[in-house]
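Inspection log for the structure reproduced underneath, given as C-alpha cells.
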Amino acid sequence: MNRPRSKTGLSPGSLIFVGHRKTDQPAIDIMAYNPGELKEFRTDKPEDTFALKDEAVIAWIDIKGVHSEELVAALGNHFQIHSLVLEDILNTRQRPKIEYYDDYIFLVLKVLNWNDKSKTIENEQISLIIGPNYVLSFQEREADIFDPLRARIRKGKGRIRTMGSDYLAYAMMDVAIDNYFLVLEAIGDHMEMLEEKLLIHPDRNILKEIYVLKRENLLLRKAVWPLREVVSQLDRSESPLIKKKTRPFLRDLYDHTLHAIDTVETYRDMTSGLQELYLSTLGNKTNDVMKVLTIIATIFIPLTFVVGIYGMNFDNMPELHWQWGYFAVLGFMGLISLGMLWFFRRKKWL
Amino acid sequence: MNRPRSKTGLSPGSLIFVGHRKTDQPAIDIMAYNPGELKEFRTDKPEDTFALKDEAVIAWIDIKGVHSEELVAALGNHFQIHSLVLEDILNTRQRPKIEYYDDYIFLVLKVLNWNDKSKTIENEQISLIIGPNYVLSFQEREADIFDPLRARIRKGKGRIRTMGSDYLAYAMMDVAIDNYFLVLEAIGDHMEMLEEKLLIHPDRNILKEIYVLKRENLLLRKAVWPLREVVSQLDRSESPLIKKKTRPFLRDLYDHTLHAIDTVETYRDMTSGLQELYLSTLGNKTNDVMKVLTIIATIFIPLTFVVGIYGMNFDNMPELHWQWGYFAVLGFMGLISLGMLWFFRRKKWL
Amino acid sequence: MNRPRSKTGLSPGSLIFVGHRKTDQPAIDIMAYNPGELKEFRTDKPEDTFALKDEAVIAWIDIKGVHSEELVAALGNHFQIHSLVLEDILNTRQRPKIEYYDDYIFLVLKVLNWNDKSKTIENEQISLIIGPNYVLSFQEREADIFDPLRARIRKGKGRIRTMGSDYLAYAMMDVAIDNYFLVLEAIGDHMEMLEEKLLIHPDRNILKEIYVLKRENLLLRKAVWPLREVVSQLDRSESPLIKKKTRPFLRDLYDHTLHAIDTVETYRDMTSGLQELYLSTLGNKTNDVMKVLTIIATIFIPLTFVVGIYGMNFDNMPELHWQWGYFAVLGFMGLISLGMLWFFRRKKWL
Amino acid sequence: MNRPRSKTGLSPGSLIFVGHRKTDQPAIDIMAYNPGELKEFRTDKPEDTFALKDEAVIAWIDIKGVHSEELVAALGNHFQIHSLVLEDILNTRQRPKIEYYDDYIFLVLKVLNWNDKSKTIENEQISLIIGPNYVLSFQEREADIFDPLRARIRKGKGRIRTMGSDYLAYAMMDVAIDNYFLVLEAIGDHMEMLEEKLLIHPDRNILKEIYVLKRENLLLRKAVWPLREVVSQLDRSESPLIKKKTRPFLRDLYDHTLHAIDTVETYRDMTSGLQELYLSTLGNKTNDVMKVLTIIATIFIPLTFVVGIYGMNFDNMPELHWQWGYFAVLGFMGLISLGMLWFFRRKKWL
Amino acid sequence: MNRPRSKTGLSPGSLIFVGHRKTDQPAIDIMAYNPGELKEFRTDKPEDTFALKDEAVIAWIDIKGVHSEELVAALGNHFQIHSLVLEDILNTRQRPKIEYYDDYIFLVLKVLNWNDKSKTIENEQISLIIGPNYVLSFQEREADIFDPLRARIRKGKGRIRTMGSDYLAYAMMDVAIDNYFLVLEAIGDHMEMLEEKLLIHPDRNILKEIYVLKRENLLLRKAVWPLREVVSQLDRSESPLIKKKTRPFLRDLYDHTLHAIDTVETYRDMTSGLQELYLSTLGNKTNDVMKVLTIIATIFIPLTFVVGIYGMNFDNMPELHWQWGYFAVLGFMGLISLGMLWFFRRKKWL
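Next comes the structure, spelled out in C-alpha cells:
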C-alpha cells in the first residue's frame, strides 16, 4: 500500500527522507557527452559534478540511493533547486507529476517491476531535474533499467549524442514506460492463467488471487493515470527547455502512455469479468449439490415411508399376510422410483 | 488479448517488426489514376513506386505484408517519413491514432472480422500515409476488403477518379468502418441467439459464452472509441492535405463512427442484461429445486415418524390391538398430507 | 434491435433504401401557405412540388414512404440536396442528428410509439430538410401524428401561418417530442403496474418483463440523448435559416428534451431498483422455503430416531416391557417438540 | 412519479393547466413596500395588481392556486409575459429552470415537504417572474413556508425593505432551499432509524422501506441537481435585473445548493450501503438456517440408520441376542454424536 | 452524519451558532510577529486584538470556541467582515469553500482526527479570514494541531517570520492537510487488519466493520474533494493578498491534496473489494455446509431405506430366512457407501 508521508508539523521544505532505504551507500554515475566526446565516471562526492553545469556537454548525473539528505541538499544548493522540490525528491511516496521552474523542469515517475515469485508489482520512484544542459536523475537504488540507454550513448550512433538534455530525459521516460509494458504483459499472462484455471478446474483459492490482482490493478492505475497528464503537459509546454525537435518523440511517448492506460483499463474490466465468472461458477456448483441432494431425497424419502408402513406392528394388517404382498410392495416402490426419474428428466435435472 | 510491444531498451525509431507475421512474401499493389487514365500493377520492389510521387496522378501504393523491415525502410526513406512513424507501422499493436506531419498525415486503423466458427473477432491493423498525391497503405496480409473500392476506381464512374488523395484515404476508411457494421451485425445475431436460448432452454454453457461476448465487446470498444477521435480530428484539421470538398464525407464518416460506438455501448449494456438474466434464472432454478425438496420432505418426514411409532415393540401399545387401528392410522396420515398440500397451495408453492 | 446498415463496398452517396418497407405506395402531401392563403393537395409525382420553391409561400412537402429511391433522387436533384444527405434519408437506421449545408439544414429524428399489446416501443425515422421557404419531411409511412398540426395550419389562427419554414420545422419537432411523453407515460404506467405486482404477488414472469423494460429503456435513450444535441445545436446555430423570433420556441423545445432525458434516466434507475427488489424478494422466498424445511426436519428427524430405537429387536430391551414405557416415550417426544418450537420462536423463525 | 404533460397536438403557448388542482379558489396576496411604507392586501381580481407596476414600490404579487388559466392569462397580458412562459407556469410538471427575457427573469423551483406519516416527500412547484420592481410568484396552493419572510418584511428591520426585487426573489429561493434541509434532515433521521433497525432487529419490511427511500432520493435529486444550474446561472448572469449588491447572497445560496447536493449524494451512497447490508444480513440468516438443518440432519440421519439395522427381522442376527447388545448400540451411537459435535466445533459451526 | 442547518425562516446573515458546543469558554490566542520581534498573548476580549490591524506586524488571531455569537460579531464588526461570512463561521456544518472579498479571503476547512478507540473519524471545522496583515482563525475547540507551527514562529528560523499573512494561512492549511495523512494512515492500518482477519478468520462482525469503514470513507471524501477546489482556486487566484512568492507552496499543497484524494479513492475501491471478498467467502461457507449435508444425506438415506425393507413384517419374505441374509445386506450397504464416496470424489466434493 502506498502510504502517505508522516512529517506532520515540520516546516515545508524540510529535507527529510520518507520511505524505505533500498541501498546502502549512495553513488553518483556521470555521463557527460557531446557529439564528439564522452566522459563517464562514478563518484560519491557531489562536488565532482559541479563543474559540468558550465561545460559544453550534456551531463547526465544519476544519483542512486536517494536517502542521503546531505547529498540531495548539496546538489540542490549548487544547481539552485527550490527547497520544496528537494523535499519531494526525498519523499518516495509522491504521485507522478511535473512542475515548471524558471531554470529547470521537475518530474516524478514511478518505475514498476513485476516480481514473478510473489506475483506482485514492486514500484520505485525516479525524480528528474531537466536543466539546460544537464539531467539530474534520482533513483532509489542501483537499478539496471537504464543500461541499454547507457550503451546507446556509449556507441554514439543514433540520435542521442546529437540532441539536448530534453531528449535525454525523454529517452529515460521512454525506457520507464516501455518497462510498464513488461509488467502489463506479466499481469496479462497471470490473468490468462487464472482464467484458464477458472474455466477448467475452478478452485477456491482463485478468489484470493483475483482479489490480489484487483489490488495490483489499483496500484498500476495510480502509477499510469497521472503519468498521462505529465507527458501531455511536457508535450504542450512552452518551456524553452523543450526543443521543437523533441516534440514528435514526446507525442510518441504520450501515445505509449495512452496505450498503457487502455491496457490497464481493459485489465480492470477483465478482472471484474473473472470475478463474476467465479461467482457464477460457485452458484452453479451450489446448484449441482442441491440437485443431487434433492434427487436422492425425493426418491428415497417416500420409499422409506412405504417400508415404514409395513414395519408397523398392528394386529390387523391384511396385506402382511398376502402371499405376494412383499413382492407387490417392492414392485410398487420400483414404479414410484421410475416415475420420479421420469419427472426429473422432464425437469432437465438429470 | 492485445499485447503490448516488448522492445524495451531499443532506441526510439528502431525499425523492428512487432506482431504475428500473417503472410509470407510482401507485395505492393499500385493503382495510379487521374480522371483520364488508370495504371495498375503489382511489384515487390519498392523502387518501382518512387517515380509516382512526381507524376500528375493520384497513386495508391498498397503494401501487403508489413513484416519486412527493409521494404518499409526503403519506402520511408524515399517518401521522407519520420522514423517514429515507420516504427509504428512495423508495430501491429498500436491503438487507432492520427498524427500530422508537414508533408503527410499518418493514420492507424483496425480492421475487424467476425470469425463465425470460433465466434470471435479477428483484428488486423492498417496504417495510412496520406501525401499530397499519394496514399501509402500498409496491411498485415492480402485481404480483400478493398476489392469493391478498386472496382469503383477501375470503372471510373462516381466521384473517386476526380478527387484527390484525401478522398481516396476517406474511401478506404469508409470501407473499414462499414466493415465494423458487419461485425456488429454478427455479434448482434449471436447475442439474440444467446438471449433466445437463455429464455427458452437456459443452460450452463451460456455463462462462458456471455463471458466471451464481454471480452469481444471490450476488444470492439478498444478499436472503435479511439477511432472517433481520429475521424473527428481529421474532419476538424487545418492541414492543406484535406480539401474542403472532402469534408462533408468526413463528417458522414464521423457519423458512422458515432453510430458504431452507440451500437457497441448498447451491446455492452445488453450483455450485462443477459448476464443478470442468467443469474436470476439460475436463482429461480435453485429456488425450484428447493421447493420440490421441501414439499417432498415436509410431507413425508412427519408421516415416516407416525409409521415409526407403530413399528415400536413396546409390550403395552393399545392401538396395535384395535380392530381398525391400522386403517385409522392410514386415514390420519392421508389427512395430514391433504393439510400439507393445502398449506403449500396457500403459500403459492404449487 | 436497431441494426446497422449493410451496404459495405458501395460508393458513398449511393441511393439505396435500407430498412423495412412500411407502406406500399409513396405519396406526397403538400401544404403551401402564407398568412392570406392556403393550398393543400396530394400527389405522387415529385414534379408537382418543384414550382413551390419559388412561390411566396411556406411549402410543407411531406413524403410518406421513403423507400422509393427514384422519388428521393428526383426531389434531391431539384432542391439541390447533397447525395450523402439523400443516402441518409433512404437509410432508416440513422441516429438523430443535424447537419448544416449552405442552403438548407438536414435533421434526422426518431418518432416513438408505444404498442400497448406487445408492451414494446415501435420507432420510425423522420428526416427534415429545412430550406428558406420550404420544409421537406420524409416519413416511413402514412402516420397521423402531424394531423393536429395540419389542423392548426388550416384554421389559420395562432402563430404558424405568419412564421417561416423554421417555425414549421420547430412545430413538427415539438409534436414529435410531445409524442415521447406519451410513450414515457405508458412506460411509467407499465412500470408502476409491475412494481405493484412485485410488492403484492411477486411472480417469476416479472423477471422477463423487467428485462424487456430495460431493453425498451436502452432504445429510448438511444433516441432521446442525441436529440438533446440536435435541438441544442439548432438553438445555438448561426444559420440565417433560423430566425430570431423562433429561438424562444427552440429553447422551450430544448427544455422538453431535457425533461424527457431526465425521465428516461429516472426510469432507468427505477428499473434497476425493480430488479434489485425482485432479486431480494426471491432471496426472501428461498429463505422462507428453507425455514419451513428446517423446522419440519429439525423437529421430526430426532423424533424418528427415537421411535427407531424402540423398533429394534434386541432380546434385552428393558424399556419395552415397562407398563407405561410407550406413553413415557410419547410424552418425551412431546417435550422435545415443544423445546424445538421454543428454540425457533427465540430465533424469530416462527 | 413526476409525470410528463399530455398536451400533444396543441399549439405551443396554449394556456392549459397540467397537474393536480390543490386548492379551490385562487387568491392573490400583495405586499408592496419601500423603505418607508408597506401596503398589504388580498384580492382575487388580477386587475387590482396592475397599478403596482408603475408605483415606486417593490411589489410582491403572490398567486396561490395556479390552475386558473384566465387569471394567469390576465396577469401575463398586463405584465407582458411570453406565452411560452405562461404555458410553463400552468404546467406543474416542469424541471427547475431559469430563462432570461428582456424585461424579466423566469424561474421554476420545486418546494419539498416531508410527510412524516407516509414517510414520503411531497413536492410543489413555484414559478417566479422577476421584473424591475415586482416579483410574481405562482404557487400551487396556500402554503405557509413564506410566512417568516412576510414577517421580516412587516417588521421592516433587516435588509429586505431597502433592497430590490432581485433580493426579494433571492429571499424566497433561500427559504425554499432552507426547506430542503428540513426534508434532508427528516430523511437522514429516517435512514438512521432504518440502519439501527437493520443492525439490531433485521426484518423483512426494511427491504420495501429501502426501496421507497431510493425512490425518494431519486425525487430529491431531480429537484436539487437542476437547481444548482439555476442558481449558478443567476449568479453569473449579466442581466441588469440582478444588482451587484445581491451577488454575495446568490453566491451564498449557491453554496447552500452545493451542500444540499452533497448531502443527497451521500444519502444515495448510504442507501446503497444499507441495501447491501440488508442483503448480507439475509445471506447470514440463510447460512444460519442451513447450519442448524445440517447439524441436526448430519447427527440424526446416521443414527436413524443404525437403529434401522437392528429393527430388521432377519432370523440370523447374532447381535440381537447378545446380553448387552442394546446398550452397546446406544453407547456406539452416543460416540458417533460426540464425534459429530467435535467435527462441527472444529469447523466453527457451533 | 453531517447534518444540515435548521435555521429556516431566519433572515440571511443572522448570527446564530449551529453545531455542538465543544468548549466552555472561548479564548483568543494572539501571535503578532515580524522578522525582528514577536508578541504572544491570550485574551478573551476581542477589543485587545483591534489595534493589531494597523501595526507593522503579521497578526495571527486564533479564536478557540466558535459558539459565542457576540465575540464573532465584535470581531466581524471591527475587521469589516460581511455578515454572510460571519453566519458561515458560526455554522459548523459547512462544506470546505473559499470566497473572495475586497479586503480579505474567507476559507473553510475541515480538520479530521482518527479516534482509535471507536475506530471513527472526528471532524472539526476551521474558518480562516486572510487579511492584508492578519489571519483570523476560528476553531471549534482548544486543539493542539497548530502547536508545531507556533513553535516554528517562536524559533524564528525558517521562512515563516519573513513572509506575509498568505504564507501563514498556507502554513495552517499545510498542517491541516498533513493531518489528513495521519487519518488516512490509521484507516489504512485498520483496513489491512480487517483484510487479514477476513482472509484468516472470516467472521460475521467484519460485515458491520466494513459498513462503518464505508461511511468513514464517505465522510473523508466529503472533506477532501471540495478542498481540492479550494486550494486550486487559491493557487490560481488573482487576489493581491496572495503573493507570488507563496505560489510554489500553494502548488505543493495542491499536490498533497491530490495525493490525499488519490488515497481516499483507492481506499474506496479497496473497501468495495473487501466487501466482495466477504460476500464470496460467505458463499463459500454456505457451499461447504451444503456439501456436508448432501454427502451425509445421500449416503444414509438410501441405506435407511434398505434397512427399512427388512424391517417389514410380511409373512412371506424369503430373504429374512436365509442363513447369511443379514450379512449379505450389510455387505451390500457397504458397497453402496463406497460407490457414493467414489462418486463424490470424482465430483471433487471431498
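Protein chains in written order, with numbering that gives the first Met the number 0: chain S, 0 to 349; chain Z, 0 to 349; chain C, 0 to 349; chain U, 0 to 349; chain P, 0 to 349. A virtual CB, placed ideally from N, CA and C, is assigned to each residue, including glycine. Note that the structure is predicted; figures quoted are calculated from it, not measured.
Between S/Leu111 and S/Val65, the CB-CB gap reaches or exceeds 8 Å. Here C/Asn114 is not near C/Ile144, since their CB atoms are 8 Å or more apart. Counting only runs of 3 or more residues that sit fully inside the segment 85 to 157 of chain Z, the beta strand (DSSP E) segments are 96 to 99, 104 to 114, 119 to 129, 133 to 138, in chain order.
For S/Arg160, the three-state secondary structure derived from DSSP is helix. Between P/Ile295 and U/Thr297 the beta-carbon gap is near 4 Å, inside 8 Å, which marks them as a contact. Distance from the CA of C/Tyr100 to the CA of C/Gly75, rounded to the nearest whole angstrom, comes to 13 Å. For Z/Phe248, the enclosing alpha helix (DSSP H) starts and ends at 246 to 308.
Listed along the chain, the chain C residues whose CB falls inside 7 Å of the CB of U/Ala296 are Ala296, Ile300.
Ranked by Cα distance from Z/Asn90, the options Z/Met172, Z/Pro11, Z/Leu206, Z/Gly330 are led by Z/Pro11. Out of S/Asp173, S/Asn283, S/Ala73, S/Glu86, the CA that lies nearest to the CA of S/Asp43 is found in S/Ala73.
At least one CB of chain U lies nearer than 8 Å to the CB of C/Pro247.
The way I'd put it, the segment 131 to 140 of chain Z doesn't touch the segment 192 to 211 of chain Z; fewer than three beta-carbon pairs between them come closer than 8 Å. Annotation: Cβ neighbours of Z/His320 in chain S (cutoff 7 Å, chain order): Asp314.
In the DSSP assignment, C/Lys213 falls within the unbroken alpha helix (DSSP H) covering 204 to 235. Taking a C-beta cut-off of 8 Å against chain S, the contacting residues of the segment 259 to 285 of chain P are Ala259, Asp261, Thr262, Thr265, Asp268, Met269, Gly272, Glu275, Leu276, Ser279, Thr280, Gly282, Asn283, Thr285, listed in chain order.
Between the C-alpha atoms of S/Leu85 and P/Arg158 there is a straight-line separation of about 16 Å. Here U/Arg250 has Asp234 as same chain residues with Cβ atoms under 8 Å from its own Cβ, once five neighbours each way along the sequence are excluded. As for any beta strand (DSSP E) of minimum length 3 sitting wholly inside the segment 8 to 76 of chain Z, the runs are 26 to 32, 37 to 42, 57 to 63, ordered along the chain. For Z/Ile335, the enclosing alpha helix (DSSP H) starts and ends at 324 to 345.
Interface annotation, U/Tyr210: in contact with chain C, CB-CB separation under 8 Å. Interface with chain P (8 Å Cβ-Cβ cutoff): U/Met192 is excluded. If you ignore the 5 residues before and after C/Ser238, its C-beta comes within less than 8 Å of the C-beta of Tyr99, Ile104, all in its own chain and listed in chain order. Under the DSSP assignment, S/Leu319 falls in the alpha helix (DSSP H) whose first and last residues are 317 to 320. Collapsing the DSSP output to three states places Z/Phe78 in coil. In this structure, the beta-carbon distance from S/Glu215 to S/Ile120 falls below 8 Å. Within 9 Å of the CB of S/Glu98, the CB atoms of chain P belong to Pro247, Arg250, Asp251, Asp254, in sequence order along the chain. Contact residues of the segment 195 to 221 of chain S toward chain Z are Leu198 (C-beta to C-beta distance below 8 Å).
No Cβ of chain U is located within less than 8 Å of the beta carbon of P/His66. For the 8 Å CB-CB criterion, S/Glu54 and S/Ala26 do not form a contact. Rounded to whole angstroms, the separation of the alpha carbons of Z/Met192 and Z/Val174 is 27 Å.
Not a single CB atom of chain S sits nearer than 8 Å to the CB of Z/Met339.
Contacts between Z/Thr303 and chain S, judged by CB atoms closer than 7 Å, involve Thr303, Phe304, Gly307 in chain order. Think of a sphere of 7 Å around the beta carbon of P/Val291: the chain U residues whose beta carbon falls inside it are Thr293, Thr297, in chain order. Between S/Ile125 and S/Leu108, the CB-CB gap stays under 8 Å. Of the residues C/Gly35, C/Lys116, C/Ser231, the one whose Cα lies closest to the Cα of C/Leu106 is C/Ser231. With contacts defined by Cβ atoms closer than 8 Å, U/Lys38 and U/Phe78 do not form a contacting pair.
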